[in-house]
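K.L.:
In my numbering, the protein residues as written are 1234 to 1444. In this text, a Cβ means the ideal position worked out from N, Cα and C, and glycines have one as well. Next up is a structure, given as structure tokens.
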Ligand SMILES: Cc1ncc(C[n+]2csc(CCOP(=O)(O)OP(=O)(O)O)c2C)c(N)n1
């Protein structure tokens, strides 16, 4: 796989640029791949070859978010973002998104980001950072990263005009961690401090584990 640096020069997609037929094909491929990983997860679990699984089904539209961004835009994803992962991986040469996701499901040490923890979505070359399963815990980190990028306070491998993207479920918004992070982002913006953060909140009609 090419290094991140090789991808960083990709210009941001211009507003109103439109989407080509091959891009639509890629979008569909990413969505279908993600859904098939969900099917495989259940089969593998029934066979005792995979363990805890949690689906991305119904959330495949987030592949379009990945395609609207650059692979060098840092992404902090929750466990429903399998299609985002596949779509981003398809933007770079030599990546193996389906194998990566399956390795995670099967707790394989070949999992590129966590060495086999459940449904931790990420890859260092794809600028997708690993998260814990503690809901909303990635939002303060995302706000901090977005605040930092523009200021170049610390050296980062990301372009100066990078946008940080964070995905989250709607029920997770109830968590004080989410509220604090979004409040901080709003306050900073109100103060005129740039916070290039895209928060994608997805409502699938449930809050899993919540009565
Ligand atoms: C801090 C914390 N509290 C509780 C949980 C258990 N938990 C996992 S997912 C979830 C609900 C998430 O709901 P939502 O954000 O809407 O996502 P989805 O329903 O799509 O899974 C809860 C309470 C957790 N992982 N972390």
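Identify whether residue 1423 lies in helix, strand or coil by the three-state DSSP scheme.
P.N.:
Here residue 1423 sits in helix by DSSP.
K.L.:
Under 8 Å Cβ to Cβ from residue 1369, same chain only, skipping five residues before and after it: list those, please.
P.N.:
These residues qualify, in order along the chain: 1401, 1405, 1406, 1408, 1410, 1411, 1414.
K.L.:
Which residue wins for smallest C-alpha separation from residue 1265, given the options 1295, 1253, 1421?
P.N.:
Ranking the options by Cα distance to residue 1265, first place goes to 1295.
K.L.:
Since I believe residue 1353 is in contact with residue 1328 (beta carbons under 8 Å), could you give me their beta-carbon distance rounded to a whole number of angstroms?
P.N.:
The pair is not a contact, with the Cβ atoms about 17 Å apart (cut-off 8 Å).
K.L.:
Mind checking whether residue 1435 and residue 1313 have CB atoms under 8 Å apart?
P.N.:
Yes, these two residues count as a Cβ contact at 8 Å.
K.L.:
Quick check on this structure: which residue in 1431, 1362, 1356 has the alpha carbon closest to the alpha carbon of residue 1376?
P.N.:
Among 1431, 1362, 1356, the Cα nearest to that of residue 1376 belongs to 1431.
K.L.:
Using the beta-carbon count (16 or more within 10 Å), is residue 1359 buried or exposed?
P.N.:
Classification of residue 1359: buried, given that the 10 Å Cβ count is 16 or more.
K.L.:
Within 7 Å: the Cβ of residue 1247 and any heavy atom of ligand 3?
P.N.:
As far as ligands go, the structure on display features ligand 1 and does not contain ligand 3.
K.L.:
If you check the beta carbons only, do residue 1298 and residue 1398 fall under 8 Å apart?
P.N.:
Yes, the Cβ-Cβ distance between residue 1298 and residue 1398 is below 8 Å.
K.L.:
Measuring only from the beta carbon, is residue 1437 closer than 7 Å to any heavy atom that is part of ligand 1?
P.N.:
The answer is yes for residue 1437.
K.L.:
With a 10 Å radius around its C-beta and 16 neighbouring C-beta atoms as the bar for buried, classify residue 1261 as buried or exposed.
P.N.:
Under this definition residue 1261 is an exposed residue.
K.L.:
Taking 7 Å as the limit between beta carbons, can you name the residues of its chain near residue 1250, skipping five residues before and five after?
P.N.:
Taken in chain order, the list of residues that qualify is empty.
K.L.:
From residue 1332 to residue 1441, what does the alpha carbon distance come to, in whole angstroms?
P.N.:
Straight-line Cα distance between these residues: approximately 26 Å.
K.L.:
Does the beta-carbon of residue 1318 have 16 or more other beta-carbons within 10 angstroms, so that it is buried, or is it exposed?
P.N.:
So residue 1318 counts as buried.
K.L.:
When DSSP builds the beta bridges, which residues end up paired with residue 1401?
P.N.:
BP columns for residue 1401 point to 1434.
K.L.:
So, with DSSP's three-state summary, where would you put residue 1411?
P.N.:
Looking at residue 1411 - three-state DSSP - the assignment turns out to be helix.
K.L.:
Which value, in whole angstroms, describes the spacing of the CA atoms of residue 1284 and residue 1361?
P.N.:
In a straight line, the C-alpha of residue 1284 is about 23 Å away from that of residue 1361.
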